[in-house]
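Since the structure comes first, as structure tokens, the remarks are kept for the end.
There are 2 protein chains.
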Amino acid sequence: MASEPTLSASKESIPQTEPPPPVERFKYSDRVFLRSILGRADGGKGLAGQRVLVGGWVKSGVEKQKPVVPSSMSPGAAVHPIVKDVTCAEVLINRLPILRSIARILTGGGCNALPLGKPDGPPKPVTTVGYLRISDGSCAANLQVVVDSSLHPLSQILPTGTSILVEGVIAIPKVPGKYAVELEAEKVLYVGGVDADKYPLSKGLLSKAFLRAYPHLRPRTSMVASIARIRNSLSHSTHQFFQSNGFLNVQMPIITTTNLRNHSKMFEVSILSSKADDSLRLAAINDQEAKTLETIKAAIKEKSKRIEELKRSNSNKEALLTALQDLQKANELAHQLEHKHTSILTKTKKEDFSENFFGRQAYLSSSTQLHLESYASSLSCVYSFGPTFQVEDVQPSKSLAESWKVEVELAFAKLEDAMNCAEDFLRYLCHSIIEHCPHDIQFMYKRIDNKCIDRIKSMGSSPFERISYTDAVEILNKLLNCVFKRFEEKVEWGTILSREHESILADEIYGRPVIIYDHPKDSKPFYLRVRDDFKTVSAFDIIAPKAGKLVQGGQKEERLDKLIDRGRKLGLVQKDYNWYLDLRRHGTVQHSGFSAGLEEIVMFVTGLDDIRDAIPFPRNRGSADT
Amino acid sequence: MASEPTLSASKESIPQTEPPPPVERFKYSDRVFLRSILGRADGGKGLAGQRVLVGGWVKSGVEKQKPVVPSSMSPGAAVHPIVKDVTCAEVLINRLPILRSIARILTGGGCNALPLGKPDGPPKPVTTVGYLRISDGSCAANLQVVVDSSLHPLSQILPTGTSILVEGVIAIPKVPGKYAVELEAEKVLYVGGVDADKYPLSKGLLSKAFLRAYPHLRPRTSMVASIARIRNSLSHSTHQFFQSNGFLNVQMPIITTTNLRNHSKMFEVSILSSKADDSLRLAAINDQEAKTLETIKAAIKEKSKRIEELKRSNSNKEALLTALQDLQKANELAHQLEHKHTSILTKTKKEDFSENFFGRQAYLSSSTQLHLESYASSLSCVYSFGPTFQVEDVQPSKSLAESWKVEVELAFAKLEDAMNCAEDFLRYLCHSIIEHCPHDIQFMYKRIDNKCIDRIKSMGSSPFERISYTDAVEILNKLLNCVFKRFEEKVEWGTILSREHESILADEIYGRPVIIYDHPKDSKPFYLRVRDDFKTVSAFDIIAPKAGKLVQGGQKEERLDKLIDRGRKLGLVQKDYNWYLDLRRHGTVQHSGFSAGLEEIVMFVTGLDDIRDAIPFPRNRGSADT
């Protein structure tokens with residue numbers, strides 16, 4: 001891709017000739033969102049002269065010296081700023097820290113910044129000015145705030161991470177540069193300080209891996225803030241898409257006792273910790289007893305040894321007798337203590353299930369789909385959008401213990417209906433993210449993945465490829481054989497396609513999303529509808545370039561006997577999902593659906609490689625500290 | 001309230017003079033939502049003659065006899081139906097089952113329905129027709145589908161709960177009645193049968209308590225379907241409100257290790273069940289050993305007794321010696337077995353936390369608020385909307401173990417900003433629910449609560465009352481004393497207001513929502529901002545008539561020292577919430593927020609009394625079976 005693709009931000013393309021609308025104020029404080037200034041087509045220029053209140057966190061701050069402005073100058077002068085005579089070198093020096101350092105060494109100066117401008121005549125007394133780049137999270141752009149040192153001690157407001165609430169006037173910068181407008185501060189109303197030595201995000205451009213250790217602070221970086229806005233936009237567009245197509249949003253339960261998966265693969269929910277705590281505390285209190293027990297046991301060992309000696313010497317029967325009687329007493333005491341200890345532990349263990357809150361084992365649901373089918377079997381078209389839980393021990397960069405899923409179910413619908421709906425959904429998201437987050441997507445393009453814009457536009461514009469699983473296997477084998485010459489790597493019909501196989505199809509062969517349908521029966525959940533060949537089920541996956549599997553779905557088995565039969569063959573206990581069978585017993589319908597992971601969609605859009613960067617607080621093995 | 005309040009369904013008030021738009025088809029199948037027909041201002045009349053495909057579940061079905069239509073009649077005749085000559089009595093008889101029974105007895109007939117119309121001349125051979133009321137969940141209204149017995153055996157499609165996919169022509173009913181249009185079936189494409197004897201919802205008008213036993217089937221009832229649509233509308237309006245005001249939706253974690261509440265009040269998450277199972281299984285396998293141990297212990301007891309006897313008799317020292325040596329061996333064996341048993345149990349117990357998935361105790365979050373503050377401290381205005389978890393043992397009708405909450409946080413915002421935002425939010429919901437769900441609200445008005453429309457309109461139109469906690473206590477005491485003459489019931493300053501106190505304020509004194517602010521410090525969480533009086537905190541509750549507390553919120557403590565101090569006084573361990581303190585260490589801001597329970601809002605809107613009816617699958621103590 002040679003040139004940077006452009007994004008049409010239709011919402012923001014206000015013709016320059018129209019009078020600019022007045023700055024929009026946030027309804028729930030006197031503050032103005034930076035987006036209301038910087039998100040305009042003119043970058044805020046049309047608002048010059050307006051007095052506003054803004055708040056945000058300092059991304060970077062520098063202190064510069066400036067000549068004293070003649071006292072006759074009116075305060076309103078900031079609106080029509082004097083463009084100073086600065087050389088290009090000076091601008092560069094003030095922008096790039098390394099040049100600044102070099103300049104400082106060359107000029108022998110000890111100050112932080114070089115004086116700007118060339119004062120006429122003899123040097124005048126100078127005050128300093130702070131130039132802060134601040135962000136309030138409302139848009140990708142930062143606002144430059146110019147604070148005179150007379151307003152607030154600059155050392156308190158310059159450090160990265162400082163929060164500041166400031167009133168000022170929007171102005172065209174005196175020094176033309178990257179900012180269309182800046183804010184000339186008039187009042188500093190609030191400052192939340194930062195100790196630069198202790199603030200972990202003081203340094204610029206931190207790695208994603210470093211930032212992961214500070215999930216509570218990382219949204220202050222431009223990258224994580226952009227991801228958050230993209231995620232917000234995708235979430236809202238999800239609701240917009242389904243609502244506008246007549247689906248009802250239903251909230252399905254997280255806590256479930258219906259476990260049709262391998263039990264060990266689900267998180268268990270209980271309120272037993274307090275009891276476990278009690279028994280552990282009891283055990284701790286009984287440390288004294290444990291020590292006593294150890295002492296007694298040591299004594300028993302000692303006594304037994306002595307008895308053995310006495311026996312061997314065969315000399316003093318009276319002494320042996322006394323020793324044996326002594327040992328007996330020690331044994332009795334040890335027995336008593338041990339029995340007490342064992343019974344506490346056994347009791348705690350046995351109470352586990354009978355005293356649990358829900359009266360039986362309860363789990364965190366890995367999918368709302370079973371419950372969603374219940375609502376589809378009455379309200380016909382429904383979706384859920386919420387967290388799901390998986391005990392996965394693969395690479396933490398690839399899966400999360402807690403992740404957000406959109407799950408969709410359509411009654412009176414066949415496989416193709418669900419495929420059409422899922423494809424439309426993904427394409428809608430592509431259109432809307434380009435429309436609503438153009439600057440954040442541009443940021444991702446520059447910082448993370450220079451193919452993301454092409455990828456989003458391509459998905460949004462052209463229909464997905466659709467092939468059956470059987471065809472996919474054939475195509476893969478041909479390619480592995482004839483093109484890649486990887487003869488030993490034949491894909492066997494029936495195996496689950498690997499991440500690499502999916503990537504070959506989506507990235508290399510088709511270069512766009514691929515829907516693979518009609519999968520082998522045993523590679524998919526038991527509730528998918530068996531085809532007449534008895535080998536495949538009406539399932540489908542949508543594989544996207546870069547991100548891999550974005551959607552999984554299919555037509556569900558609506559025939560009671562077939563569903564029971566498949567469950568039985570898998571060894572499922574009917575009473576565990578009898579309510580689910582009820583949906584087939586009473587007024588069953590053909591129905592289809594799919595689920596899509598929000599984090600995977602975020603990764604597709606942004607080009608992020610690590611799923612832990614696609615969610616605010618990632619949960620993984622050993623990782624839920626914040 | 002004398003007359004029924006009217007709802008202005010602005011979206012649906014299409015002037016009758018405009019040509020009706022063609023029927024809107026669902027995008028992901030050939031089906032037409034019933035809403036697209038019945039939700040129109042003309043009730044669907046303008047669509048008469050259009051051929052459509054509809055699907056749904058039978059709410060009720062009756063079979064009637066009709067004279068054979070002369071064969072010369074064209075199939076298109078259904079579009080211009082013949083209005084038959086029926087008497088008012090006949091209509092009544094056919095509508096009301098009791099009259100039908102009486103008529104049957106009077107006429108000595110044994111059939112299910114009386115023949116309609118008065119055939120001229122000698123009786124002709126008759127066919128039967130099924131009249132089905134079906135619903136597809138898309139709107140509150142049902143569609144009457146008329147199916148000739150020649151199309152499908154009527155006995156298979158008449159039972160309540162049957163699913164049916166049918167193609168037909170929209171027609172004005174032949175017998176004028178409650179339906180503006182009906183569907184003259186031409187093809188029955190799919191039927192999902194019901195065994196009326198086994199289907200739990202066969203009977204009409206089932207109690208809410210009865211329906212709670214069938215959470216997977218109850219959305220097929222008109223009431224639960226209406227609640228689901230209202231809930232959907234409230235959920236979507238929640239997103240609309242916050243998105244349109246510049247808030248970002250962020251998804252905060254469910255699994256948390258930050259527990260600042262009483263530990264016993266949170267659900268614990270683990271993957272230990274499989275391990276616990278293992279150790280229990282191991283214990284079962286070791287039953288044999290346990291029995292051996294018991295036998296040995298019995299032998300030890302026996303031997304000890306024998307030794308005592310030998311000692312008392314003081315006769316045979318040799319025998320005593322042998323007995324003692326014998327006992328020693330038994331003791332050693334018992335020790336060995338017991339040690340094995342204890343160590344298995346102790347090991348299982350000790351491994352609990354170190355081998356847990358997250359490396360430490362993890363819980364289900366009861367509020368996303370702490371994490372939300374992190375995102376507010378960088379993105380400034382955020383909200384979350386998802387499930388939260390509470391271990392509550394109050395009445396199951398009043399609280400849930402799993403419930404959905406909207407949580408909101410505003411940076412650079414004080415108490416009043418959050419109060420304004422929460423009030424606007426609730427009022428927005430009231431306006432939008434009236435606009436988007438007029439028929440469902442009408443249904444609730446008729447079936448559940450004839451005050452609900454007034455209540456919604458009142459909240460939507462007039463500003464909330466705002467009083468401080470101190471004033472609320474004073475007003476309550478005055479009222480209890482002077483009006484109710486309940487002298488003994490003085491409300492002490494500092495106590496949490498009871499449900500009854502809240503009701504007196506909202507329902508009886510003000511008759512509208514009340515915001516009570518500035519609560520006693522100890523009645524609210526430690527992170528709320530302490531006022532200068534050191535007695536109160538910047539908290540607020542919104543109390544609504546009928547539903548009670550809808551919102552809780554306040555300004556959070558942004559001062560590090562004050563927050564640490566309050567935490568210390570409550571005995572919190574600083575390392576448990578150090579990350580939360582970081583938000584105050586680095587660039588702290590004044591910030592405020594609130595949370596609102598979706599179920600409580602549903603109850604306010606619908607007038608439902610039991611919270612278990614306000615959520616699809618309620619979770620409570622002993623109740624998570626479906």
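Residue numbers (the UniProt record's numbering), protein chains in the order written: chain G, 1 to 626; chain W, 1 to 626.
A virtual CB, placed ideally from N, CA and C, is assigned to each residue, including glycine.
Query	Result
Own chain residues within Cβ distance below 7 Å of histidine 371 (chain G), not counting five before or after	Met252 and Pro253
Local conformation of tyrosine 577 (chain W) per DSSP, three classes	helix
Residue range of the alpha helix (DSSP H) that includes histidine 236 (chain W)	222 to 244
Spatial distance of valine 537 (chain G) from phenylalanine 267 (chain W) (CA atoms)	38 Å
Partners in chain W for tyrosine 131 (chain G), counting only beta-carbon separations shorter than 8 Å	Ordered by position in chain W, no residue passes the 8 Å Cβ test against tyrosine 131 (chain G), which lies about 18 Å from the chain.
Closer than 8 Å at the beta carbon, the chain G residues around valine 250 (chain W)	Ala228, Arg231, Asn232 and Pro616
Residue from G:Leu47, G:Thr257 and G:Lys59 whose Cα sits closest to the Cα of leucine 364 (chain G)	G:Thr257
Residues near asparagine 249 (chain G) in its chain [Cβ-Cβ closer than 8 Å; skip 5 each side]	His239, Phe242, Gln243, Val382, Tyr383, Ser384 and Phe385
Buried versus exposed, by CB contacts within 10 Å (16 or more), valine 573 (chain G)	exposed
Validate contact between the segment 419 to 429 of chain W and the segment 447 to 455 of chain W using beta carbons, cut 8 Å, 3 pairs	no
6 Å Cβ shell around glutamine 369 (chain W) - same chain, five flanking residues per side excluded	Glu407
Separation of proline 618 (chain G) from leucine 400 (chain G), as counted between CA atoms	7 Å
Where leucine 280 (chain W) sits in the DSSP three-state scheme	Residue confidence is low: leucine 280 (chain W) scores 46 on pLDDT, short of 50, so the model does not pin down where it sits. Its coordinate-derived value is still stated next. Leucine 280 (chain W): helix per DSSP, three-state reduction.
Tyrosine 580 (chain W) versus glycine 177 (chain G) - alpha carbon distance	38 Å
For glutamate 600 (chain G), the nearest candidate out of G:Phe594, G:Gly593 and G:Asp609 (CA to CA)	G:Asp609
C-alpha gap between proline 22 (chain W) and serine 135 (chain W), whole angstroms	21 Å
Rounded Cβ spacing between phenylalanine 594 (chain W) and glutamine 555 (chain W) (contact assumed at less than 8 Å)	Their Cβ separation, rounded to whole angstroms, is 10 Å, which puts phenylalanine 594 (chain W) and glutamine 555 (chain W) out of contact at 8 Å.
Cβ distance (whole Å) where leucine 132 (chain G) is taken to contact valine 145 (chain G) below 8 Å	4 Å
Chain-ordered neighbours of histidine 216 (chain G) on chain W, where CB pairs are closer than 7 Å	Ser374, Trp579, Asp582 and Leu583
Isoleucine 37 (chain W) classed as buried or exposed, judged by whether at least 16 other C-beta atoms fall within 10 angstroms	buried
Closer than 9 Å to chain W by CB, glycine 61 (chain G)	no
Per DSSP, cross-strand counterpart(s) of threonine 536 (chain G)	G:Pro520
Through-space distance from leucine 479 (chain W) to phenylalanine 487 (chain W), alpha-carbon basis	10 Å
Contact with chain G by isoleucine 254 (chain W), beta-carbon distance below 9 Å	yes
Asparagine 142 (chain G) at chain W interface by Cβ criterion, 9 Å	no
Chain-ordered residues of the segment 179 to 193 of chain G with a beta carbon less than 8 Å from chain W	Tyr190, Gly192 and Gly193
Cutoff 9 Å: cysteine 421 (chain G) Cβ touching any chain W Cβ	yes
Proximity test, Cβ basis, 9 Å: lysine 305 (chain W) and chain G	no
Same chain, Cβ closer than 6 Å to tyrosine 527 (chain W), five either side skipped, listed in chain order	Lys556 and Glu557
Where the alpha helix (DSSP H) containing threonine 606 (chain G) begins and where it ends	598 to 606
Threonine 470 (chain W) - containing alpha helix (DSSP H), residue span	469 to 478
Stretch pair the segment 489 to 496 of chain G + the segment 402 to 416 of chain G: three plus CB contacts closer than 8 Å	no
Segment limits, beta strand (DSSP E) that includes tyrosine 214 (chain G)	Run containing tyrosine 214 (chain G): none; DSSP gives neither H nor E here.
Contact set for arginine 25 (chain G): own chain, Cβ-Cβ below 6 Å, skip 5 residues either direction	Val32
Test: threonine 258 (chain G) CB closer than 9 Å to a CB of chain W	yes
Arginine 427 (chain G): contacting residues in chain W (beta-carbon distance under 9 Å)	The contacting residues do not exist; arginine 427 (chain G) stays about 13 Å from chain W at best.
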